Structure formats: C-alpha cells, structure tokens
Ligand code: SF4
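Residue numbers (my numbering): 120 to 456.
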C-alpha cells in the first residue's frame with residue numbers, strides 16, 4: 120500500500136518545492152460549487168504542491184529596471200509549463216499504483232467556473248472550482264495571509280499551488296494556521312490600488328479552523344496588478360494613467376450614464392489588452408498579462424516584513440529590501456524662462 124511518505128518523496132523528486140496532504144472530509148461545509156468531492160466522489164486524499172516563485176524574479180522590479188521576469192517565469196512558466204509537468208508526473212505515479220488520480224492546475228479557471236447547467240438534480244453547475252488557497256490550507260501547506268495571498272514558512276507569499284485528487288488514502292498533514300501572518304498590514308499600506316481593506320474582512324471555517332483575510336476589491340486589483348499605477352509603471356501609456364486613477368478612486372462609477380465608458384470599465388482586462396502595448400505583448404507571447412504592479416503590497420511588502428522578522432525558514436545571504444521602494448516622480452513644472 121502506498122504511503123504518504125512515498126508520495127511526498129516522489130512529488131519532491133518531480134520538482135515540487137513543498138508537498139502536503141489533506142483528507143477529503145476536510146471539505147465538509149464548502150459550497151457545492153467549490154467542493155471537489157463533486158469532481159471525484161471516490162477521492163480520499165488531496166495532495167497539494169507548492170512551486171516556488173524565485174525571489175530573484177522580483178529583484179528587477181525592486182530595482183525598477185526589469186519587469187518581464189516576474190510575469191513570464193513567475194506566472195506563465197510555472198502555470199503553463201513547469202507545474203503541469205510536476206502534477207502530471209505525480210498523477211502517473213499514483214495511477215501506476217492503481218489509484219485514480221486527477222491532476223488539477225489553475226488553468227481550469229480559464230474555462231470559467233460554474234458556467235454550465237447542473238446535469239442532474241443535486242449536483243453543482245460545472246465546472247466545479249477548487250479554491251486553491253483553501254485547498255492549500257486543507258493540505259497543511261500553509262495559511263492565508265491578511266492580503267489573501269497563500270503563505271508558507273519556506274517561501275512566504277512566493278509560490279503557486281497545484282493539486283492531485285486521488286483515490287489513494289494517505290495520512291493527512293495537520294492544518295496549521297496563524298503562524299506566519301501577524302496582520303502587520305504592510306500589504307494594505309503598500310498596495311498601490313488600495314484594494315485590500317484594512318477594516319472589512321472575509322472568512323471561512325476550514326477543517327474546524329476559523330480563518331479570515333482582508334476584503335479584496337478584485338476590480339481594482341485586476342487593473343493595477345496588470346498595469347501598475349503612474350507612480351510605479353514605467354511603461355504606462357499617457358491615456359491609461361487617468362483610466363487607472365479613475366478605477367482606484369472609484370470615480371468611474373460616476374460615469375455610469377456613459378455606456379461606452381461603463382463597458383470599458385467593466386471590461387478592464389480587454390481594455391488594457393487593447394490599449395496597453397506591454398500588457399498586449401504579455402498576452403501574445405505568454406498567454407498571461409503583464410504584472411507591472413509587481414505585487415507591491417501583497418507579495419513584496421509582505422516578503423520584506425517576513426524577511427525582516429526572520430519567520431521564514433529559508434534564509435538568504437542578504438535582506439530582500441534594504442532601502443525605500445522607488446517611485447516615478449512627476450515631471451518638474453516648466454520654469455517659464
Ligand atoms: S497585486 Fe498589486 S494591486 Fe493586487 S492586491 Fe497585490 S499589491 Fe494590490
């Protein structure tokens with residue numbers, strides 16, 4: 120019989136940077152359309168794997184000199200190249216042992232979650248969506264920070280997750296919460312979109328643990344995460360500057376009477392893809408947008424805090440940040456001479 124240790128060892132050999140296992144009963148209480156037991160009713164275990172985002176991929180953004188590494192190698196390569204291979208290899212290993220195994224990558228969201236109609240009474244609308252961060256907690260990989268980012272003791276906020284659902288019954292890891300994030304609010308202060316609420320929170324009860332995170336304004340984040348703001352995005356076309364300002368300040372909502380603008384502001388991704396060449400190039404080359412924000416609050420400020428506090432188990436020779444973050448200065452007013 121296959122043991123949890125054998126599965127973990129194999130997953131690490133396949134290229135996972137961290138592995139954890141959860142039992143499927145830990146999904147009890149999840150909304151039907153987020154409950155993977157409807158995907159694989161005979162599944163006994165969920166195996167979670169963290170794939171690191173190298174800290175060095177943030178360095179060029181910290182310096183303000185190289186922005187392409189993070190979206191290409193930190194998003195597209197992991198999501199579309201590396202992680203699918205790792206998760207596929209592990210699923211093959213399990214099926215060779217006679218246990219059905221379903222490799223689940225974040226690409227599933229691209230087809231659209233819950234857009235179908237239920238095929239029978241009592242079933243959720245397909246596609247059922249696995250909530251990755253909750254699943255990461257269920258597998259004992261780490262916790263959800265105030266920023267809503269998934270945090271591990273090894274990599275802080277710098278990893279992406281993939282999963283295998285399997286019929287194999289494996290010893291689960293303990294769920295651990297509240298050990299990494301101390302709610303320092305650096306993510307709130309440094310998010311250039313002001314997308315993370317300091318006061319409003321959301322939460323869930325996962326395997327008997329009450330967890331919570333700051334309410335995230337996804338509209339603001341999805342615009343600024345791609346485009347940055349005029350203070351932090353060296354590639355921003357002039358006409359996008361006001362567009363982003365309006366989204367952050369919510370001024371766009373007052374444009375509701377103007378249906379053209381209304382459509383434009385609802386279709387943030389399409390608008391940026393059509394009108395922001397750097398973002399368009401990301402989509403064309405990597406099927407991923409740019410990430411010009413460089414996750415300034417939810418990743419970089421968080422990483423700086425966890426690094427300085429010494430809570431991460433992986434140590435570097437130098438601190439992540441040793442000076443104040445840069446800002447693009449507005450042009451000096453003309454002297455009139
Ligand atoms: S990606 Fe950028 S805009 Fe979105 S929450 Fe993180 S810091 Fe804020």
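Heads up, the beta-carbon is just placed ideally off N, CA and C, and yes, glycines get one too. Everything numeric in this text was worked out from a predicted model, so none of it was measured.
Query, Result
"Mind checking residue 220: buried by the 16 CB within 10 Å criterion, or exposed?", "buried"
"According to DSSP, is residue 440 helix, strand or coil?", "coil"
"Terminal residues of the continuous alpha helix (DSSP H) containing residue 362?", "357–368"
"Can you say whether residue 421 is buried or exposed, counting buried as having 16 or more other CB atoms within 10 angstroms of its CB?", "buried"
"Measure the Cβ-Cβ separation of residue 134 and residue 236 and say whether it is below 7 Å.", "no"
"Rounding to the nearest angstrom, what Cα-Cα distance links residue 240 and residue 218 in this structure?", "29 Å"
"Per DSSP, which one or two residues make a beta bridge with residue 262?", "270"
"Give the DSSP bridge partners of residue 323, in chain order.", "330"
"Nearest-angstrom Cα distance between residue 161 and residue 141?", "14 Å"
"How many angstroms separate the CA atom of residue 242 from the CA atom of residue 151?", "8 Å"
"On the DSSP letters alone, give me the boundaries of the alpha helix (DSSP H) that residue 204 sits inside.", "202–215"
"For residue 326, collect the residues of the same chain with a Cβ closer than 7 Å to its Cβ; drop the 5 residues on either side in sequence, then sort them by chain order.", "145, 257, 294"
"Determine whether the beta carbon atoms of residue 401 and residue 408 lie at a separation below 7 Å.", "yes"
"Return the CA-CA distance between residue 318 and residue 222, expressed in angstroms with no decimal places.", "37 Å"
"In chain order, what residues place their C-beta within less than 5 Å of a heavy atom belonging to the ligand SF4?", "310, 312, 314, 340, 343, 344, 412, 414, 415, 416, 417"
"Hey, how far is the Cα of residue 331 from the Cα of residue 399?", "35 Å"
"Pick from 344, 305, 336, 396: whose alpha carbon is nearest that of residue 357?", "396"
"Count Cβ pairs between the region 433–445 and the region 171–190 that sit closer than 8 Å; are there 3 or more?", "yes"
"What does DSSP give as the partner residue(s) for residue 222 in the beta ladder?", "283"
"Would you tell me roughly how many angstroms separate the C-alpha atoms of residue 228 and residue 170, rounded to the nearest one?", "18 Å"
"Helix, strand or coil for residue 419, going by three-state DSSP, please let me know.", "helix"
"Can you tell me which of the three DSSP states residue 255 falls into?", "helix"
"Could you check if residue 120 is buried or exposed, using at least 16 other CB atoms within 10 Å of its CB as the buried criterion?", "exposed"
"Could you say which of 418, 348, 279 lies nearest to residue 195 if we only look at CA atoms?", "279"
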